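In our numbering, the protein residues as written are 61 to 459.
By construction, the Cβ of each residue, glycine as well, lies at the ideal position given by its N, Cα and C atoms.
Remember, it's a predicted structure, so these values are computed and weren't measured experimentally.
This report refers to the structure that appears directly beneath it.
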């Protein structure tokens, strides 16, 4: 099939939704489909995935992360680029328009109608909930009801929606009234051949990386990989680490990601002995960095967005301490070390428990990797996407 993907973000960058886009589209390309991704000017190309980008933008301009007024200008540039890509698609018009994020679904709806192709929307969370989580719009704002109506209108345009969790699927049906027959649960996934347990990676490389990062010998290590923002729970994670620093044999925490690195370094100035901020870790290097960890942490606060970082932790065979949310439960099941949502003291206790019982924690890590192998690989996701595509093709033939 010919697949036009619309990704209103600076693809590829080293964080959540980009990993989902890359994983899905690369798996579909490996299965013989022709994929073209229309995306923002920023980001970097990925081998094996064709992209088209608006030309009228400085390529070195930093792309916004999350809700931003700058994205309105970028969307205005991306829409005609995506339309041109659809009209000039190699081999003929696309068989399907596969849109990511609500802005992509809005563009994709217009384009899919022009080229007479079905629209598939990859739904990773509520648009208005994200705006509130990112503090772009206040929860009490007078414009929020209008934005929510717009979100609902967009949610009803696709021919099929791929929801990143069962929780997200229920949200679409219960809060936005989307017919359940249009919604298909497609969890985030991971490549377990790339993200692997520590004992499968070169011991010398791991030892060298520990020295490079300044991790004291013999100290247990907590790892976090993702965006650095309040809705990701980074402020609460630092509070938890302050509590752990008062205990005997305090752990070392490796916080990997961006943006706001300088801001969080200042906030954690009193934790300099216990915390290291790496900044951006390229996707290709992430497996080695995660492998220096003994326990991973997932302090994300959003109740509607996916949490794909959990799968990289799980594939690496790491035990995971996390806030107790429906999405985290979907991935970790009963194998997580849970803390009530938003409680830094409880998160510190969950981390301390995992570090205090290394054999039991390692056993949980092995079971979490097995859970990935059984349920959460990109090849499995690609087969589910193909089934949705085939169902839409059958519907068109029957009309």
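Determine which residues share a DSSP beta bridge with residue i and list them.
| i | result |
| --- | --- |
| residue 314 | 283 and 336 |
| residue 183 | 223 |
| residue 100 | Answer is none; residue 100 lacks a bridge partner. |
| residue 244 | 222 |
| residue 112 | 98 |
| residue 250 | 437 |
How is the beta strand (DSSP E) around residue i delimited, first residue to last?
| i | result |
| --- | --- |
| residue 64 | 62 to 67 |
| residue 381 | 380 to 383 |
Roughly how far, in whole angstroms, is the beta-carbon of residue i from the beta-carbon of residue j, given that I think they are within contact range, below 8 angstroms?
| i | j | result |
| --- | --- | --- |
| residue 98 | residue 142 | 4 angstroms |
| residue 465 | residue 149 | Nothing in the structure corresponds to residue 465, since the chain is present only between 61 and 459. |
| residue 131 | residue 178 | With a Cβ gap of about 26 angstroms, residue 131 and residue 178 do not count as contacting. |
| residue 74 | residue 291 | The Cβ separation is near 18 angstroms, so there is no contact. |
| residue 247 | residue 436 | 6 angstroms |
| residue 261 | residue 348 | 6 angstroms |
| residue 416 | residue 391 | 23 angstroms between Cβ atoms; not a contact. |
| residue 23 | residue 428 | Because the chain spans 61 through 459 in this model, residue 23 falls outside it and cannot be assessed. |
| residue 117 | residue 147 | No, residue 117 and residue 147 are not in contact; Cβ-Cβ is about 21 angstroms, not under 8 angstroms. |
Should residue i and residue j be called a contact, given that it needs their Cβ atoms to be closer than 9 angstroms?
| i | j | result |
| --- | --- | --- |
| residue 87 | residue 441 | yes |
| residue 191 | residue 66 | no |
| residue 162 | residue 81 | no |
| residue 283 | residue 350 | yes |
| residue 183 | residue 145 | no |
| residue 310 | residue 279 | yes |
| residue 399 | residue 410 | yes |
| residue 71 | residue 106 | yes |
| residue 222 | residue 180 | yes |
| residue 169 | residue 115 | no |
| residue 453 | residue 155 | yes |
| residue 296 | residue 378 | no |
| residue 285 | residue 319 | no |
| residue 357 | residue 421 | no |
| residue 401 | residue 385 | yes |
| residue 205 | residue 433 | no |
| residue 448 | residue 244 | yes |
| residue 111 | residue 96 | yes |
| residue 374 | residue 203 | no |
| residue 352 | residue 266 | yes |
| residue 334 | residue 304 | yes |
| residue 365 | residue 201 | no |
| residue 438 | residue 151 | no |
| residue 372 | residue 196 | no |
| residue 64 | residue 89 | no |
| residue 257 | residue 450 | no |
| residue 242 | residue 277 | no |
| residue 233 | residue 239 | yes |
| residue 431 | residue 397 | no |
Taking the alpha carbon of residue i as the point to measure from, which residue in the options has its own alpha carbon closest?
| i | options | result |
| --- | --- | --- |
| residue 362 | 102, 294 and 262 | 294 |
| residue 208 | 220, 306 and 237 | 237 |
| residue 275 | 204, 255, 235 and 337 | 337 |
| residue 403 | 328, 233, 393 and 299 | 299 |
| residue 289 | 138, 194 and 101 | 194 |
| residue 211 | 234, 230, 226 and 187 | 187 |
| residue 139 | 264, 101 and 77 | 101 |
| residue 273 | 316, 459 and 239 | 316 |
| residue 345 | 330, 388, 269 and 281 | 269 |
| residue 77 | 424, 216 and 185 | 185 |
For the alpha helix (DSSP H) holding residue i, just list the boundary residues, first then last.
| i | result |
| --- | --- |
| residue 230 | 226 to 236 |
| residue 132 | 130 to 147 |
| residue 298 | 294 to 305 |
| residue 324 | 321 to 327 |
| residue 397 | No alpha helix (DSSP H) holds residue 397; the beta strand (DSSP E) holding it covers 397 to 399. |
| residue 158 | Here residue 158 belongs to no alpha helix (DSSP H); instead the beta strand (DSSP E) covers 156 to 160. |
| residue 356 | No alpha helix (DSSP H) contains residue 356, which is instead part of the beta strand (DSSP E) from 355 to 358. |
| residue 448 | 438 to 458 |
| residue 368 | It is not in any alpha helix (DSSP H) - residue 368 carries neither H nor E in the DSSP assignment. |
| residue 216 | Counting along the chain, residue 216 falls outside any alpha helix (DSSP H), and DSSP gives it neither H nor E. |
| residue 194 | Here residue 194 belongs to no alpha helix (DSSP H), and DSSP marks it neither H nor E. |
| residue 79 | 76 to 90 |
| residue 263 | 263 to 273 |
| residue 387 | 386 to 392 |
| residue 404 | 404 to 416 |
| residue 350 | 346 to 350 |
Let me see if you follow: with CB-CB separation under 9 angstroms, is residue i close to chain C or not?
| i | result |
| --- | --- |
| residue 355 | In the structure shown, chain C does not exist; there is a single protein chain. |
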